[in-house]
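Some notes on the structure that comes next.
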Amino acid sequence: MYEKDDGEYPAYGEELVQPRRKAKIIIGVALLTFAVIGTVLAQTINLSPNDRVEFGQGIVTVKACDTYIFISLNPSTATFSGNRSDGSPYVNESRVRSIQFSGLDTKACAGRKVKVQLFPTDSTTVLALYTDSGAITVDKATLVIDPDKAMSRADAITLLNGAGQNISYSDSYQSLDYNPETAVYTLAFSEPLALMSDVTRINVETLLS
């Protein structure tokens with residue numbers, strides 16, 4: 003059992019939360035099951051001066067803003083069939099419906115943006131993540147953390163859309179929910195695009211707002 007929010011971050015939880023501020027729990031399954039804590043799985047962790055981190059697939063731990071956060075990808079319930087950008091077919095596959103962040107310290111990261119991108123094996127081409135307004139495809143998710151360190155964690159993070167505009171906590175294409183009992187943020191996409199099976203690398207970048 004998790005204690006209610008006491009200013010510390012509890013361990014990673016797998017629940018998806020809908021809607022914001024109501025702490026309702028809906029079923030969420032973390033398809034990626036490998037853990038990286040202090041070691042590397044599948045890919046090398048590369049740190050550079052701009053805080054960019056690259057790491058292998060799985061439920062992973064990454065250092066951002068002098069604190070460690072857990073990130074996991076959750077699959078869509080619906081499955082899809084079609085062709086990838088390289089023309090190869092896929093049948094009945096899940097897409098990345100949501101991304102969960104656990105242990106994200108909004109005080110330590112105050113005034114920063116956290117950008118997340120997904121990559122396939124042996125490729126520098128970023129996977130399209132979701133469809134946004136005007137049917138444009140977006141290849142990154144960007145969390146904006148308020149510079150006010152006194153702001154509650156439930157309200158401290160907002161989102162940028164594909165055009166770089168701040169949409170607060172949600173629009174018709176993406177939404178951010180917070181569970182105060184587990185301190186887990188869930189970023190969900192209404193029209194996801196990236197196939198779960200294609201993701202082998204996640205890039206996380208923290209930038210000054």
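Numbered per this note's numbering, the sequence shown finishes at 211, counting up by one with no gaps. For every residue, glycine included, the Cβ atom is placed at its ideal position computed from N, Cα and C. Note that this is a predicted model, so its numbers are computed, not measured.
Per DSSP, which one or two residues make a beta bridge with residue i?
i: Leu-178; result: Leu-189
i: Pro-77; result: Val-98
i: Pro-149; result: According to DSSP, which records beta bridges pairwise, Pro-149 is partnered with nothing at all.
i: Val-93; result: Looking at the DSSP assignment, Val-93 forms no beta bridge with any residue, so it has no partner.
i: Ala-143; result: Val-118
i: Ser-172; result: Ser-177
Can you tell me which of the three DSSP states residue i falls into?
i: Ile-39; result: Note on Ile-39: pLDDT 28, under 50, position unreliable in the model; no value is reported.
i: Ser-211; result: coil
i: Ser-199; result: helix
i: Lys-117; result: strand
For residue i, count neighbouring Cβ atoms within 10 angstroms of its own Cβ and tell me buried if that reaches 16, exposed if not.
i: Thr-35; result: Note that Thr-35 has pLDDT 29, beneath the 50 cutoff, so the model's placement of it is unreliable and no number is given.
i: Asn-213; result: Since the first residue shown for the chain is 3 and the last is 211, residue 213 is missing from the structure and cannot be characterised.
i: Gly-30; result: Only weak support exists for where Gly-30 lies, its pLDDT of 30 falling under 50; the coordinates are left without a value.
i: Asn-181; result: buried
i: Ser-100; result: buried
i: Ser-83; result: exposed
i: Asp-179; result: buried
i: Leu-131; result: buried
What are the start and end residues of the beta strand (DSSP E) that includes residue i?
i: Ser-135; result: Looking at the DSSP string, Ser-135 is not in any beta strand (DSSP E), and its letter there is neither H nor E.
i: Leu-131; result: Element bounds for Leu-131: n/a, residue is neither H nor E.
i: Thr-160; result: 159-162
i: Lys-1; result: Outside the shown range of the chain (3 to 211) lies residue 1, about which nothing can therefore be said.
i: Ser-83; result: 82-85
Cβ pair count under 8 Å reaching 3, the stretch 137-154 against the stretch 92-109: yes
At least 3 beta-carbon pairs within less than 8 Å: the stretch 89-99 vs the stretch 133-153: no
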